[in-house]
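If you're matching positions, the sequence shown starts at 33 in my numbering and goes up one per residue.
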Amino acid sequence: MTSSGKFILLGSVRFDPEKMELADAEGERVPLRPQSAEVLLELARHASDIVSKDRLIEAVWSDINVTDESLTQCIADIRRAIGDKSHRIVQTVPKKGYRLVPKASVKSSTVAGHVRHKSIGLAVLLALIAGAAVWFSRPHLRGETNPGAEVTAAATGVGIAVTAEDSLLMNTPAIAVLAFESLSGSERWTRIGKGIAADIANELARNKELYVTAPETALQIAAESMEARSELNVRFILDGTIQAEEGTLRIMARLTDTTTRTIVWSERWTREASDLFAVQDEIVTQIGAMLGSTWWGVLASAERAIAHRRPTESLASYELTLLAVEQKHKFTQESYAKAATYLERALAIDPDNVRALALLSNVEILQADIAETTEAAARLWEKSFAHGRLAHEIDPSDPQALLRIATEAKLTNHLAEAYDAVSRAIAVSPNDADVLALASVIYPFKGEDGRNPFDWARRAIELSPRHPDWYFMSLGHAAFFAGEIETAAAALRRGPRDMPDTFVILGPAEALLGRMKEAEIEAARFHALDSYATLSEFFGTDIDGNPLYGRLAEGARLAGIPVSERDLHDTQVGDHSPAKAAAAE
Numbered sequence: 033m034t035s036s037g038k039f040i041l042l043g044s045v046r047f048d049p050e051k052m053e054l055a056d057a058e059g060e061r062v063p064l065r066p067q068s069a070e071v072l073l074e075l076a077r078h079a080s081d082i083v084s085k086d087r088l089i090e091a092v093w094s095d096i097n098v099t100d101e102s103l104t105q106c107i108a109d110i111r112r113a114i115g116d117k118s119h120r121i122v123q124t125v126p127k128k129g130y131r132l133v134p135k136a137s138v139k140s141s142t143v144a145g146h147v148r149h150k151s152i153g154l155a156v157l158l159a160l161i162a163g164a165a166v167w168f169s170r171p172h173l174r175g176e177t178n179p180g181a182e183v184t185a186a187a188t189g190v191g192i193a194v195t196a197e198d199s200l201l202m203n204t205p206a207i208a209v210l211a212f213e214s215l216s217g218s219e220r221w222t223r224i225g226k227g228i229a230a231d232i233a234n235e236l237a238r239n240k241e242l243y244v245t246a247p248e249t250a251l252q253i254a255a256e257s258m259e260a261r262s263e264l265n266v267r268f269i270l271d272g273t274i275q276a277e278e279g280t281l282r283i284m285a286r287l288t289d290t291t292t293r294t295i296v297w298s299e300r301w302t303r304e305a306s307d308l309f310a311v312q313d314e315i316v317t318q319i320g321a322m323l324g325s326t327w328w329g330v331l332a333s334a335e336r337a338i339a340h341r342r343p344t345e346s347l348a349s350y351e352l353t354l355l356a357v358e359q360k361h362k363f364t365q366e367s368y369a370k371a372a373t374y375l376e377r378a379l380a381i382d383p384d385n386v387r388a389l390a391l392l393s394n395v396e397i398l399q400a401d402i403a404e405t406t407e408a409a410a411r412l413w414e415k416s417f418a419h420g421r422l423a424h425e426i427d428p429s430d431p432q433a434l435l436r437i438a439t440e441a442k443l444t445n446h447l448a449e450a451y452d453a454v455s456r457a458i459a460v461s462p463n464d465a466d467v468l469a470l471a472s473v474i475y476p477f478k479g480e481d482g483r484n485p486f487d488w489a490r491r492a493i494e495l496s497p498r499h500p501d502w503y504f505m506s507l508g509h510a511a512f513f514a515g516e517i518e519t520a521a522a523a524l525r526r527g528p529r530d531m532p533d534t535f536v537i538l539g540p541a542e543a544l545l546g547r548m549k550e551a552e553i554e555a556a557r558f559h560a561l562d563s564y565a566t567l568s569e570f571f572g573t574d575i576d577g578n579p580l581y582g583r584l585a586e587g588a589r590l591a592g593i594p595v596s597e598r599d600l601h602d603t604q605v606g607d608h609s610p611a612k613a614a615a616a617e
């Protein structure tokens, strides 16, 4: 439908000022938070004119004290909703404000006469969320332009750039991918170097936390001049070299932080050149995973390092979330508390920070594992479930939110729902090593469709060679339930040793392998937990007689870990445990 005077055309998305709703070309609603819709309405009232930040804040939050952070989050929300990664429609005017430049404007009376609503009902908001496909969730195909970007920009070589100010405001990494330089100088390998860069840009653009320029942007920038590269107005630059000689292909990639002019990451690949496209796909996928994975990708790690150098009171919601990730993965009671504090601060700044909500849900499950009483563990479970559901309501396509839904479903014994949510998370982010690793521990059982979490866990490690040790815990879980007991034990020994999720599987694995002394050590760790008396309590379901848990129950009883209530009458801690008895034989 074309604009009829009631709509404003924003790229391929229409905005209805009267209803304060967005719709795509097929008429399907596009989700937009109420406050973001009000910011868009105010910009629409003054289409093509600069609207100051103060004016926008006064129009939307007249009776509430907020910082610029609230406004910038709304601007980011609008740009994501309309696919404006190039910032051509919602433009930032440095030190002045923002300007909306629509493709087609409404009559001034249509907007000016509209009475701004203070809020949109929750039912309407949930309908918007449930009924729309978010632009960044669509899978990429080779050669396809970045989601939401202007196709003509890449086709004509016009740059799709994010300004330095925009990068700072969004508090998400902005990266330019330059063509990989051919060391041989041949036209063929120069073309291939450009193709690799384009594919990497497309792979990174899957990640909604990143702003990625097209490689065409940098074609006329002198590769040897950092001053010239600064014109790209991004924090990070990815470039590399490609060399083919005597049937061998050598590719080098490096990531440079433009603010410090230091190389923060580099990697080399040497492969046979006989199957060029398979090699190219492998390298592109690995680079995309190593840089863009949610928690431990190179870009997230670099941003976390930057956040560490900033005053704590000036940290934004995104940065606080990254710092919480670091604390969470220390896997201690104290670090969980610090992570929760960071996340509460992040959500105070941006209540709709989906990643913060999902991470807080995750932290609360980990806190439940080491809670002092069963009642305290139950309360933490409920808090975790509530935060996970809220994250999913805000963004049903976010992989971390989907994994929180999967966790609740698994812990409440709705395994089909858990597998569905895990599968959707992987479909959204098939090359995010963090998503793959977490999915394989949340749902370690083989699916009815034949998909095996053991493959997900191995893939995570393959994609992220410098992964943290909790990846081994994921591999151990998935391997155990796939029947690969030796692999499971070897992996779990390299995982976080004092984490309950490690020893509740490692103990049974060691027992099944006949290593009873080692099994007893892990059993003792389980008995030291105050909040769980049996393995069934730990997993939130009666695993006794459940075929999915049959091997685990067998190994647990051998190790001296109570499986269900009836075991508590037969299993004694100490010299009379099954593990002790077996070791003495």
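Don't be surprised by glycine CBs; every beta carbon is placed ideally from N, CA and C. It should be emphasised that the depicted structure is a prediction, and the values quoted were computed from it without experimental measurement.
* So what does DSSP say about Ile-283, is it helix, strand or coil? -> strand
* Candidates Leu-561, Thr-104, Ile-593 and Arg-436: which alpha carbon is nearest Thr-405's? -> Leu-561
* To do: List the whole-angstrom C-beta distance separating Phe-212 from Ala-229, where the pair is believed to meet the contact cut-off of C-beta under 8 Å.
  => 6 Å
* In this structure, does DSSP put Ser-349 in helix, strand or coil? -> helix
* Asked: Would Pro-528 pass as a contact of His-509 if the rule is Cβ separation under 9 Å?
  -> no
* Asked: Between Ala-543 and Ala-492, is the Cβ-Cβ spacing less than 9 Å?
  -> no
* Asked: Excluding the five sequence neighbours on either side, which residues of its own chain have a C-beta within less than 8 Å of the C-beta of Ala-453, listed in chain order?
  -> Leu-434, Leu-435, Ile-437, Ala-438 and Ala-441
* So Glu-70 is in the alpha helix (DSSP H); what residue range does that whole segment cover? -> 66 to 77
* **Coarse secondary structure for Ser-333, derived from DSSP in three states** => helix
* To do: May I ask you to report which of helix, strand or coil DSSP gives Thr-222?
  => helix
* Answer yes if the region 381 to 394 comes into contact with the region 416 to 433, meaning at least three C-beta pairs across the two stretches below 8 Å, and no otherwise. => yes
* Asked: Do the region 332 to 346 and the region 475 to 482 touch if we need at least three Cβ pairs shorter than 8 Å?
  -> no
* To do: Kindly confirm or deny that the region 361 to 379 and the region 332 to 340 touch, where touching means at least three C-beta pairs closer than 8 Å.
  => no
* Asked: Buried or exposed: which applies to Ser-84, given that a residue is buried once 16 or more other Cβ atoms fall within 10 Å of its Cβ?
  -> exposed
* **Glu-516 - DSSP class collapsed to helix/strand/coil** => coil
* Asked: Would Leu-580 be called buried (16 or more neighbouring beta carbons within 10 Å of its own) or exposed?
  -> exposed
* To do: Give a yes or no on whether the C-beta atoms belonging to Val-122 and Leu-88 are separated by under 9 Å.
  => no
* Determine the closest residue to Ile-568 out of Ala-551, Ala-285, Leu-545 and Asp-599, with distance taken between C-alpha atoms. => Per the sequence presented here, residue 568 reads as Ser, with Ile not at that position. It is Asp-599.
* Could you tell me which of Val-45, Leu-242, Gln-275 and Ser-214 sits nearest to Ala-305, measuring between CA atoms? => Gln-275
* To do: May I have the straight-line CA-CA distance separating Ser-298 from Leu-54, to the nearest angstrom?
  => 42 Å
* Confirm, please, whether the CB-CB distance from Trp-413 to Gly-572 is below 9 Å. => yes
* Asked: Taking DSSP as the reference, what is the three-state secondary structure of Thr-142?
  -> Model confidence at Thr-142 stands at a pLDDT of 40, short of 50, so the residue's coordinates are unreliable; what they give is reported in the following sentence. It is helical.
* Asked: Nearest-angstrom Cα distance between Ser-461 and Val-467?
  -> 7 Å
* If you drop the 5 nearest sequence neighbours on each side, which residues of the same chain put their C-beta closer than 6 Å to that of Leu-42? -> Ile-114, Ile-121 and Pro-134
* Around the Cβ of Arg-46, are there at least 16 other Cβ atoms within 10 angstroms (buried) or fewer (exposed)? -> buried
* **Coil, strand or helix - Asp-116 by DSSP** => coil
* Asked: Leu-132 to Gly-227, Cα distance in whole Å?
  -> 34 Å
* Work out the CA separation of Ser-102 and Ala-155 for me, nearest whole Å. => Because Ala-155 carries a pLDDT of 36, less than 50, the predicted location of this residue cannot be relied on, and the following value inherits that uncertainty. Roughly 23 Å between the two C-alpha positions.
* Pair within 9 Å by beta-carbon distance, Tyr-130 and Ile-96 -> no
* CB-CB length for Leu-538 against Glu-518, believed under 8 Å -> Not quite, the Cβ-Cβ distance comes to about 12 Å (not below 8 Å), so this is no contact.
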